[in-house]
Amino acid sequence: MAFAQQSESAMALTWVISGRAPIALALVACLWAAATASPDPHVLFADVSAASGLDFTLNNSPTARKYLPETMAGGVAAFDFNNDGRLDLFFPNGAEMPSLRKTGAKFSNRLYRNDGDGHFTDVTNAAGLGGSGYSIGAAAADFDNDGNIDLFVAGVHENHLYRNVGGRFEDVTTAAGIRDDQFAVGAAWLDFDRDGRLDLFILNYVQWSPEHDPGCHDPSGRYPVYCHPKFFTGTASRLYRNLGGGKFDDVSQSSGIAAAIGKGMGVAVADYDADGYPDLFVTNDTEPNFLFHNLRDGKFAEVALDSGVALPDNGATVSGMGTDFRDYDNDGRPDIAFTALAGQTFLLFHNLGGGQFEDATHRSNLSRLTAKLSGWGIAISDLNNDGWKDLFTANSHVSDNIQLFSGDQYKQKNSIFLNRGGGNLIEAAANAVPGAARANRGAVVADFDGDGRLDAVVTALGERPDLLRNVAPGGHWIEFKLTGTRSNRDALGAVIHVQDSANRQQWNAMTSSTGYASSCLCPVHFGLGEQTEVTQAEILWPDGTRQRLRNLKAGKRLSVAEGSK
55 MAFAQQSESA MALTWVISGR APIALALVAC LWAAATASPD PHVLFADVSA
105 ASGLDFTLNN SPTARKYLPE TMAGGVAAFD FNNDGRLDLF FPNGAEMPSL
155 RKTGAKFSNR LYRNDGDGHF TDVTNAAGLG GSGYSIGAAA ADFDNDGNID
205 LFVAGVHENH LYRNVGGRFE DVTTAAGIRD DQFAVGAAWL DFDRDGRLDL
255 FILNYVQWSP EHDPGCHDPS GRYPVYCHPK FFTGTASRLY RNLGGGKFDD
305 VSQSSGIAAA IGKGMGVAVA DYDADGYPDL FVTNDTEPNF LFHNLRDGKF
355 AEVALDSGVA LPDNGATVSG MGTDFRDYDN DGRPDIAFTA LAGQTFLLFH
405 NLGGGQFEDA THRSNLSRLT AKLSGWGIAI SDLNNDGWKD LFTANSHVSD
455 NIQLFSGDQY KQKNSIFLNR GGGNLIEAAA NAVPGAARAN RGAVVADFDG
505 DGRLDAVVTA LGERPDLLRN VAPGGHWIEF KLTGTRSNRD ALGAVIHVQD
555 SANRQQWNAM TSSTGYASSC LCPVHFGLGE QTEVTQAEIL WPDGTRQRLR
605 NLKAGKRLSV AEGSK
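Going by the working numbering, 386 is the number at position 332 of the sequence shown; the sequence numbering is gapless.
Structural data, given as structure tokens:
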């Protein structure tokens, strides 16, 4: 498509000639676009939120009573809802508290169309996506394989499945057979039985209602705080099998998913043991994590403890938050990273193969770098296109008055941890991520302007989202927009293995679930450093077939259909 194949310099200039970017930003964009394309060890984002048109405010409705859901709002979904080749943005919103189901006043969820010049337009009403209730997370995917991307919205006792009919969304929750009686934080789409239809995993948190929120205080008893998870009973997540024809069957019990009672905060999908079937990793809040191994017969086994990802090496439970499940050290095996609270450090589990992981948090420097941070959203992505995936994290504490009775800070700045090779992480320069400290929550990392550099969108409680444009020169790049034919149309579960002209190898996968309560149905991205060509790319499609492409020039977003030449 024309949008995908413009040169880096041309796309950089788009923001200038549009007249929407501030003059200072335009100058920065031009200077960086003119700079050498050789890989740079640094990364730099520019805050272009003011000119973006993203006027949404995340209304979590905080009260002096401090009801549990108030601190948990804030996911974001990036996907191309109108098939114009540009990534649009959907923001779930909260409702007045205390509210349960439709008893409280709502704030509208919002959908923004990407206009292609750095600006987004609110099309919520025209698209029929205002929604209701206290929404938290979202997951985008084409569940009916009709070429239009659909949307699942998770919330407090009120979930919604929206079918995309030519750019307008219809609520098909009841007709599809999806229940909505739990406290859901997010969801993940995957084809767990490889029948070509996308199934739905709904991530549930705890059993909660306004009437059964005990009300809590800090250790001194002076200050009200959001209650610790120990005051609430955990619950099971749900798995729905896609039957086709817009119908789903609840297979939570028969699959074994319902047997695992937890307090889910993050979910990510990857085939960690390379058996051809997608598995699920779930972070739990102050309880051991779950790793659901797909047994290939419609059932899952929870193997986190045996695999080494239930707990860090010290054996202490942590407040597991958002998570991502990708290969950070280019050895062909997907690894796990997730955020947690201050004093716990963020976690990194290295995939050893053979179904085993090791805690690489200390070795990678992540423990030292994140000891004072609290995090929510996270993405494992190559932010400077040097061929090594970095970490982007959206930071903030849970309690909005934490500084009154501890040394921790509530509002925090976001972070970038650069991968210097093989998972050796360093903190990016202080000015790499602009903006003030905020109560950051959800985050998506993707190329919103088509220039081959990964940008970021971050939500914050009580504020508008940040749109951060990547303006560092970085290295060369290539992206793959996959379309399944025998497999599910979104190709969720496909794994791409590339080899560049220097014989360096990388792996990345097509997935939709990312970070905290967020979703990115985005092209698969590779940074190439100084190399200008991919000598070979092998795509392992979800149905098990392999497809090879050769001699691919860098600087392009390639559209690849399953089975095409």
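Yeah, the Cβ is synthetic: ideal placement off N, Cα and C, and Gly gets one too. Owing to the predicted nature of the structure, the values given are computational and were not obtained by experimental measurement.
Proximal residues to LEU345 (C-beta, below 6 Å), its chain only, five neighbours per side dropped: Indexing the sequence shown from 1 puts residue 345 at position 291. So the qualifying residues of the chain are PHE335, VAL357, ALA358, SER361 and VAL363.
Buried/exposed call for PRO596, threshold 16 Cβ in 10 Å: Your numbering for residue 596 matches position 542 in the sequence shown. Its Cβ being crowded by 16 or more others within 10 Å, PRO596 is buried.
Nearest to SER435 (by Cα), restricted to the options GLY330, CYS574 and ALA514: Within the sequence shown, numbered from 1, the residue matching residue 435 stands at position 381. The option with the nearest alpha carbon to SER435 is CYS574.
Opening and closing residue of the beta strand (DSSP E) in which LEU345 lies: Walking along the sequence shown from the start, residue 345 turns up at place 291. That run of the beta strand (DSSP E) goes 344-348.
Residues bridged to LEU612 [DSSP beta-bridge criterion]: Taking the sequence shown and counting its residues from 1, one reaches residue 612 at position 558. In DSSP, LEU612 forms a bridge with PHE534.
4 or more residues per run - each alpha helix (DSSP H) lying fully within the segment 305-333: Complete alpha helix (DSSP H) runs here, min 4: 306-309.
Nonlocal neighbours in the same chain, by C-beta distance under 6 Å from GLN466, ignoring five residues either side: Locating residue 466 in the sequence shown gives position 412, counting from the first residue. Excluding sequence neighbours, GLN466 sits near ASN449, SER450 and ALA491.
GLY191 - partner residues in DSSP beta bridges: Position 137 of the sequence shown, counting from 1, holds the residue named residue 191. Under DSSP, GLY191 shares a beta bridge with ALA208.
Top-ranked residue by Cα proximity to ALA548, from ARG600, GLY441 and ALA563: Taking the first residue of the sequence shown as 1, we reach residue 548 at position 494. Comparing Cα positions, the closest option is ALA563.
Rounded separation between ALA87 and ASP225 - CA only: Translated into positions along the sequence shown, residue 87 becomes position 33. Translated into positions along the sequence shown, residue 225 becomes position 171. In this predicted model, ALA87 has a pLDDT of only 36, less than 50, meaning its place in the structure is not dependable enough to derive any value.
Which listed residue (LEU612, GLN553, LEU143 and GLN261) has its alpha carbon closest to that of GLY107: Position 53 of the sequence shown holds residue 107. The shortest C-alpha separation from GLY107 is found at LEU143.
Stretch pair the segment 266-278 + the segment 452-464: three plus CB contacts closer than 8 Å: The segment 266-278 vs the segment 452-464: in contact.
Rounded separation between SER618 and ASN137 - CA only: Here residue 618 is taken as the residue at index 564 of the sequence shown, counted from 1. Here residue 137 is taken as the residue at index 83 of the sequence shown, counted from 1. If you draw a straight line from the Cα of SER618 to the Cα of ASN137, it comes to about 20 Å.
Sequence-distant residues of the same chain with beta carbon closer than 6 Å to SER103, five excluded per side: Residue mapping note: residue 103 aligns to position 49 of the sequence shown, counting from 1. Once the five neighbours on either side are set aside, the close Cβ partners of SER103 are ASP520 and LEU521.
Where GLU265 falls, given that 16 or more other Cβ within 10 Å makes a residue buried: If you number the sequence shown from 1, residue 265 lands on position 211. GLU265 is exposed by the Cβ-count criterion.
Residues that VAL569 bridges to, as DSSP identifies them: Here residue 569 refers to the residue found at position 515 of the sequence shown. For clarity, residue 569 is Gly in the given sequence; the question names Val instead. The partner list for GLY569 (beta bridge, DSSP) reads THR377.
Endpoints, the alpha helix (DSSP H) within which LEU179 is located: The sequence position of residue 179 within the sequence shown is 125, counting from 1. It should be noted that the sequence gives Asn, not Leu, for residue 179. Per DSSP, ASN179 belongs to the alpha helix (DSSP H) from 178-181.
Proximity of ASN179 and ARG251 at Cβ, strictly below 8 Å: Residue numbering aside, residue 179 sits at position 125 when the sequence shown is read from its first letter. Residue numbering aside, residue 251 sits at position 197 when the sequence shown is read from its first letter. It is not a contact, given that the beta carbons lie outside the stated cut-off.
Alpha carbon of VAL614 to alpha carbon of GLY477, nearest angstrom: Translated into the one-based positions of the sequence shown, residue 614 becomes position 560. Translated into the one-based positions of the sequence shown, residue 477 becomes position 423. The straight-line gap from Cα to Cα measures roughly 30 Å.
Beta-carbon spacing of PHE580, GLN559 below 8 Å: Against the sequence shown, residue 580 aligns to sequence position 526. Against the sequence shown, residue 559 aligns to sequence position 505. Not a contact, by the Cβ cut-off of 8 Å.
Short Cβ contact (8 Å threshold) for LEU423 with LEU472: The residue given as residue 423 occupies position 369 in the sequence shown. The residue given as residue 472 occupies position 418 in the sequence shown. For the 8 Å CB-CB criterion, LEU423 and LEU472 do not form a contact.
Beta-carbon proximity of ASP503 to ARG518, cut-off 8 Å: Position 449 of the sequence shown, counting from 1, holds the residue named residue 503. Position 464 of the sequence shown, counting from 1, holds the residue named residue 518. Not in contact: ASP503 and ARG518 (Cβ atoms no closer than 8 Å).
Close beta carbons around ASN213, own chain, < 6 Å, minus the five adjacent residues each side: As a first step, residue 213 is located in the sequence shown; it is residue number 159 there, counting from the start. Hits under 6 Å: ASP234 and ALA238.
Bridge-paired residues (DSSP) for VAL97: Indexing the sequence shown from 1 puts residue 97 at position 43. Answer is none; VAL97 lacks a bridge partner.
Same chain only: Cβ atoms within 7 Å of ALA64, ignoring 5 sequence neighbours per side: Numbered from its first residue, the sequence shown carries residue 64 at position 10. With a pLDDT of only 34 at ALA64, under 50, the local geometry of the prediction cannot be trusted, and no value is derived from it.
Bridge partner(s) assigned by DSSP for ALA290: On the sequence shown, residue 290 is found 236 positions in, with the first residue counted as 1. For ALA290, which the question treats as bridged, DSSP gives the partners ILE315.
Nearest-angstrom Cα separation, counted from PHE145 out to VAL499: Counting from one through the sequence shown, the residue named residue 499 turns up at place 445. Counting from one through the sequence shown, the residue named residue 145 turns up at place 91. One C-alpha to the other measures close to 15 Å.
For PHE400, the residue or residues it bridges with in DSSP: Start at 1 with the first residue of the sequence shown, and residue 400 comes out as number 346. Looking at the DSSP assignment, PHE400 forms no beta bridge with any residue, so it has no partner.
Host beta strand (DSSP E) of SER435 (start-end): For the purposes of this step, residue 435 is identified with residue 381 of the sequence shown, where counting begins at 1. 429-435 is the extent of the beta strand (DSSP E) around SER435.
Bridge-paired residues (DSSP) for TRP561: As a position in the sequence shown, residue 561 is number 507, starting the count at 1. For TRP561, the pairing in a beta bridge is given by DSSP as HIS551.
TRP415 and THR399 closer than 8 Å at C-beta: Start at 1 with the first residue of the sequence shown, and residue 415 comes out as number 361. Start at 1 with the first residue of the sequence shown, and residue 399 comes out as number 345. Strictly speaking, residue 415 in this sequence is Thr, with Trp absent from that position. Contact flag set, yes.
Any beta strand (DSSP E) of 3 or more consecutive residues that is wholly inside the segment 122-172: As far as the segment 122-172 is concerned, its whole beta strand (DSSP E) runs of at least 3 residues are 131-133, 142-145 and 164-168.
Beta-bridge pairing of LYS465 - partner residues as DSSP gives them: Within the sequence shown, residue 465 is the residue found at index 411, counting from 1. BP columns for LYS465 point to SER450.
Burial state of VAL219 (16 or more Cβ within 10 Å): Within the sequence shown, numbered from 1, the residue matching residue 219 stands at position 165. If you draw a 10 Å sphere on the C-beta of VAL219, you find fewer than 16 other C-beta atoms in it, and that means exposed.
Spatial neighbours of ARG350 in its chain, beta-carbon cut-off 6 Å, leaving aside the 5 residues before and after: Position 296 of the sequence shown, counting from 1, holds the residue named residue 350. Residues of the same chain with a CB within less than 6 Å of the CB of ARG350, apart from the 5 flanking positions on each side, are TYR331 in chain order.
Residue(s) in a DSSP beta bridge with LEU395: Along the sequence shown, read from residue 1 onward, the residue named residue 395 stands at position 341. Assignment of beta-bridge partners to LEU395 by DSSP yields no partner.
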